[in-house]
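S.K.: Could you have a look at this structure, given as C-alpha cells, before my questions?
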Amino acid sequence: MAGDVAQLKDEGSKRQVAISGAVAGLVSRFVIAPLDVIKIRLQLQVHSMSDPTSIRDLKGPVYRGTLGTLKHILREEGITGLWKGNIPAEAMYLAYGSAQFSAYTYVSQLLASMPYTQHLPGAANSFISGALGGACATTATYPLDLLRTRFAAQGTDRVYASLIASVRDIAEQEGVTGFFRGLSAGVAGIVPYMGLFFASYEGLKPVLAPFDTFGTSDAAAGVLASVMAKTAVYPLDTTRKRLQVQGPTLKRYVHHNIPVYSGVLQTLTHIWRNEGRRGLYRGLTVSLIKAAPASAVTMWTYERVMAALLAMEEALEAT
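When you read off a place in the sequence shown, starting at 1, and then add 106, the result is the number in this note's numbering.
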C-alpha cells in the first residue's frame with residue numbers, strides 16, 4: 107500500500123471500523139438535527155426573496171435566513187419541530203456511518219491488493235474509495251433519507267401519522283420506487299462529495315497534525331474537507347430534496363406550491379430558470395454551518411471510538 111495513504115483505512119478490523127462509523131454517525135446526527143430541519147425547509151421554499159410577487163404568491167411560511175427559520179419553527183411548532191424526522195434520520199446515520207466506513211475500508215484494501223492499483227497516489231486511492239463507499243451507503247439507506255426529508259417538510263398539519271404509517275402509505279400509494287425518489291441525484295452528489303471529502307481529509311490531516319491539541323486536528327480536517335466538498339455539489343442536494351417530496355402528498359407539506367419535477371436534469375433546469383443560481387444554493391449557509399459540527403463530531407468520534415476499541419483489543423490480548 108502507498109506509504110502516504112492516511113491511517114484511517116488501515117486501523118482496526120472490519121467490525122471495529124463498522125462500530126466506530128456507526129457510533130460516529132449516531133452522535134453526529136443528534137447534534138445537527140435542528141440545523142438539518144432548517145436546511146430542508148429552506149431548500150423546499152420556492153420563491154425569490156427579491157421578487158415581492160413571488161413572496162406574495164407563496165403558499166406556506168416565508169423563511170428568511172437561518173435565524174429567521176429557526177424562530178419561525180420555534181414559534182409555530184415548538185422545540186420539537188426542530189427534531190422532526192429525527193427517528194428515521196438517526197436510523198439512517200447509524201446505518202450510513204457503518205456502511206460508509208466499512209465500504210471505504212474494503213475498497214481501499216481491495217485497491218491496495220490489485221497489481222494495477224496498489225501504487226495509486228494516496229489522494230487517488232482516497233477519492234475512489236470515498237466515492238464508491240458513499241454511493242453504496244447512500245443507496246442502502248436512501249429510504250430512510252427520504253422519510254427524514256418528508257417528516258422534516260411537515261408543518262403543523264401532519265402528513266403521516268407515524269413512521270410506520272408513512273412506510274405503509276408510501277408502499278401502497280407509490281410502490282417500492284416511491285422510497286427511492288431522487289436516488290440518482292443522491293448518488294450523483296455523493297460520489298464527488300465523498301471522494302472530495304476523504305481525499306481532502308486525508309490530505310489535510312498530516313498538514314494540521316503539528317497543531318494538534320486533544321485531537322483537534324482530526325476535527326479541523328473534517329470541517330475543512332466537508333465545507334469544500336459540500337459547496338461543490340450542493341445544487342444536487344437541493345435537487346434531491348425537491349424530488350424526495352414528489353408524489354401524492356406533494357401539496358400537503360409546509361410549502362404547498364412545490365412544482366412537479368420528473369427527473370434530475372429537469373429539476374436542475376427548472377430551478378435555474380425560475381429561481382436562479384440562488385435557488386440552487388438556498389440553505390447553503392446553514393448547510394455549511396451544519397457541516398462544521400457534523401464532520402468535526404463524526405471524524406473526532408470515529409477516531410476516539412476506534413482508539414478505544416484498539417486499546418481494548420490490546421488489553422485483552424495482554425491478559
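Built from N, CA and C at the ideal position, the CB exists for glycine as well. Bear in mind that the values here come from a model prediction, so they are computed numbers and not experimental data.
Where do the N-terminal and C-terminal ends of the alpha helix (DSSP H) with G382 fall, by residue?
M.R.: Unbroken alpha helix (DSSP H) run through G382: V370 to L386.
S.K.: If you reduce the DSSP assignment to three classes, tell me which class T159 lands in.
M.R.: Since pLDDT at T159 reaches only 49, below the 50 mark, its modelled position is unreliable, and no value is offered.
S.K.: Can you list, in chain order, the residues of its chain with a C-beta nearer than 7 Å to that of I146? Leave out the 5 residues immediately preceding and following it.
M.R.: Correct list, in chain order: T255, A258, A259 and K347.
S.K.: Could you give the distance in angstroms between the alpha-carbon of S393 and the alpha-carbon of M220?
M.R.: Answer to the nearest angstrom: the Cα atoms are 38 Å apart.
S.K.: So, helix, strand or coil for H178, using DSSP?
M.R.: H178: helix per DSSP, three-state reduction.
S.K.: Mind checking whether F207 and A124 have CB atoms under 8 Å apart?
M.R.: Yes, these two residues count as a Cβ contact at 8 Å.
S.K.: Can you find the residues in the same chain that come closer than 8 Å, C-beta to C-beta, to M412, ignoring five residues on each side of it along the sequence?
M.R.: So the list reads E117, G118, Q122, V123 and S126, once near-sequence residues are dropped.
S.K.: Taking F207 as part of the alpha helix (DSSP H), name the residues at either end of that continuous run.
M.R.: F207 -> alpha helix (DSSP H) spans N192 to S219.
S.K.: Going along the chain, which residues of its own chain have a beta-carbon closer than 6 Å to the beta-carbon of V265, five neighbours each way excluded?
M.R.: For V265, where only same-chain residues beyond five positions count, the Cβ hits under 6 Å are T355 and R358.
S.K.: List the whole-angstrom C-beta distance separating L252 from R287, where the pair is believed to meet the contact cut-off of C-beta under 8 Å.
M.R.: With a Cβ gap of about 6 Å, L252 and R287 count as contacting.
S.K.: Just the C-alpha distance for L349 and V143, rounded to the nearest angstrom, thanks.
M.R.: So the alpha carbons of these two residues sit roughly 17 Å apart.
S.K.: Under 8 Å between C-beta atoms, does L200 make it to chain D?
M.R.: In the structure shown, chain D cannot be found, because there is only a single protein chain.
S.K.: When we look at the beta-carbon of G184 and count the other beta-carbons within 10 Å, is it buried (16 or more) or exposed?
M.R.: Exposed, since its Cβ has fewer than 16 Cβ neighbours within 10 Å.
S.K.: Look at E308 and S401 and say whether their C-beta atoms are less than 8 Å apart.
M.R.: No, they are not a contact pair.
S.K.: From T404 to G191, what does the alpha carbon distance come to, in whole angstroms?
M.R.: Cα to Cα, T404 sits roughly 20 Å from G191.
S.K.: With a threshold of 8 Å, are at least 3 pairs of Cβ atoms found where one atom belongs to the region 274-282 and the other to the region 300-307?
M.R.: No: the two stretches stay apart, fewer than three of their Cβ pairs being nearer than 8 Å.
S.K.: Suppose the cutoff is 7 Å on Cβ atoms and the five residues either side in sequence are ignored; what does the same chain contact list for T175 look like?
M.R.: Closer than 7 Å at Cβ, skipping near neighbours: I144, R147, L148 and Y169.
S.K.: Heavy atom of the ligand SAM less than 7 Å from the Cβ of R264, yes or no?
M.R.: Absent from the structure shown: the ligand SAM. Ligands present: none.
S.K.: So, for T262: in the same chain, excluding its five sequence neighbours on each side, which residues have a beta-carbon less than 7 Å away from its beta-carbon?
M.R.: Around T262: E182 and E183.
S.K.: State the Cα-Cα distance for the pair L114 and T373, rounded to the nearest angstrom.
M.R.: Confidence in L114 is poor, its pLDDT being 47 and thus under 50, which makes the residue's placement unreliable; the coordinate value appears in the next sentence. Distance between the alpha carbons of L114 and T373 is about 37 Å.
S.K.: Find out if the Cβ-Cβ distance for the pair L289, Y248 is shorter than 8 Å.
M.R.: Result yes, Cβ atoms of L289 and Y248 sit closer than 8 Å.
S.K.: Check this for me: beta carbons of P298 and A237, under 8 Å apart or not?
M.R.: Taking 8 Å as the Cβ cut-off, P298 and A237 qualify as a contacting pair.
S.K.: What span of residues does the alpha helix (DSSP H) with D324 cover, start to end?
M.R.: T322 to Q350 is the extent of the alpha helix (DSSP H) around D324.
S.K.: My parser needs the alpha helix (DSSP H) runs of 4 or more residues fully inside the region 237-315; what are they?
M.R.: Runs found: 269-280 and 289-314.
S.K.: Helix or strand or just coil, what does DSSP make of G109?
M.R.: Confidence is the limiting factor: at G109 the pLDDT is only 34, short of 50, which leaves the residue's position unreliable and the question unanswerable from this model.
S.K.: With H, G and I counted as helix, E and B as strand and the rest as coil, what does DSSP make of I234?
M.R.: Correct three-state label for I234: helix.
S.K.: Is L356 helix, strand or coil when you go by DSSP?
M.R.: L356: helix per DSSP, three-state reduction.
S.K.: Can you tell me which of the three DSSP states V129 falls into?
M.R.: Three-state result, V129: helix.
S.K.: Between the C-alpha atoms of Q279 and R410, what's the straight-line distance to the nearest angstrom?
M.R.: Cα-Cα distance, rounded: 44 Å.
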